[in-house]
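Presented below is the structure to which this report refers.
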Amino acid sequence: MNLPFSLYRLQTIDTQRQKITRRLTQIEAILNADEFVKAKLQQKQLAAEELAGKQSQTNKIAAETSEKRLKLELNQVQLFGGKVRNPKELQDLQAESEALKRTIQKLEDAHFQALMEQEDAQKKLAEAEQAHQSAVNAKATENSLLAGERGNLTVEMDNLNAQREALIQTLPAEIVSQYESLLKTKGGKAVSAIEDDCCEACGVELSPRDMQAVRSPNTLLRCKTCGRILYKA
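The working numbering puts the first residue of the sequence shown at 6, with every later residue one more than the last.
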């Protein structure tokens with residue numbers, strides 16, 4: 006058995022597994038994160054609240070206008086009904102009539118302005134609703150694609166796990182233990198290939214003696230600098 010080669014294969018499998026694990030973590034985070042959708046929903050809610058406020062203001066002005074018009078009608082009945090003959094009372098009714106007409110005019114102007122603002126608020130709400138729905142649709146499309154990718158990665162991970170388990174069964178338990186320990190302490194890279202007579206992981210150059218030893222299929226040579234198991238293709 007070529008121990009360095011077998012461990013290098015194991016490292017290759019674990020490196021792929023690490024990449025898949027990181028990507029699956031990213032996918033889960035994206036699937037669970039809907040800050041953009043939440044922001045659009047909040048904008049829609051604020052727009053709805055603004056419209057409700059504008060509608061309330063419009064209705065309030067309309068109600069006050071109706072009240073003033075009713076008072077004006079009663080005033081006109083008294084003023085021109087012929088029952089009131091006292092000049093002072095007639096003068097007061099006339100003054101009240103003019104005041105009511107001025108108030109009604111101001112209220113009608115305010116009502117028109119309120120209607121314009123209400124229309125703007127309705128447009129803003131319609132735009133916010135459309136933006137929110139677009140965000141929801143985009144998120145659904147993104148989630149669908151990510152869910153498909155997650156499924157493919159999960160299948161790939163299952164295959165790698167099966168390969169890893171089969172390979173481990175061919176290795177001595179103490180060698181696997183060494184490898185697993187290095188995998189944890191060396192940032193997920195227990196085996197380093199040799200490139201141009203140097204350790205790929207840390208870059209230290211190997212001596213001619215070490216280069217000769219590393220070619221042995223039954224010898225596990227550790228890098229004198231980083232401590233990783235060395236493999237020469």
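C-beta: ideal position from N, C-alpha, C; glycine also. These numbers were taken from a predicted model, which means no experiment stands behind them.
Query: For Q96 versus V89, is the C-beta spacing smaller than 8 Å?; Result: no
Query: Can you check the segment 132–211 for any alpha helix (DSSP H) of at least 4 residues that lies completely inside it and give the ranges in chain order?; Result: 178–190
Query: Using only the alpha-carbon positions, how far apart do E210 and A167 sit?; Result: 35 Å
Query: Where do the ends of the alpha helix (DSSP H) carrying L12 lie?; Result: 8–37
Query: Quick one, are the C-beta atoms of R233 and L165 less than 8 Å apart?; Result: no
Query: Where does C207 land, buried or exposed, given buried means 16+ other C-beta within 10 angstroms?; Result: exposed
Query: In the DSSP assignment, what are the bridge partners of I234?; Result: V196, R227
Query: Taking N148 as the reference, give the member of D215, Q183, A34, K229 with the closest Cα.; Result: A34
Query: H137 and L46: beta carbons closer than 8 Å?; Result: yes
Query: Do P222 and L8 have their C-beta atoms closer together than 8 Å?; Result: yes
Query: Count the C-beta pairs between the segment 127–146 and the segment 21–33 that are closer than 8 Å, then say yes if the count reaches three, no if not.; Result: no
Query: On the DSSP letters alone, give me the boundaries of the alpha helix (DSSP H) that P222 sits inside.; Result: Segment: none, P222 is in no alpha helix (DSSP H) and carries neither H nor E.
Query: Roughly how far, in whole angstroms, is the beta-carbon of L235 from the beta-carbon of C204, given that I think they are within contact range, below 8 Å?; Result: 6 Å
Query: Quick one: grab the DSSP three-state call for N91.; Result: coil
Query: Would you check if the distance between the CB atom of E103 and the CB atom of T70 is smaller than 8 Å?; Result: no
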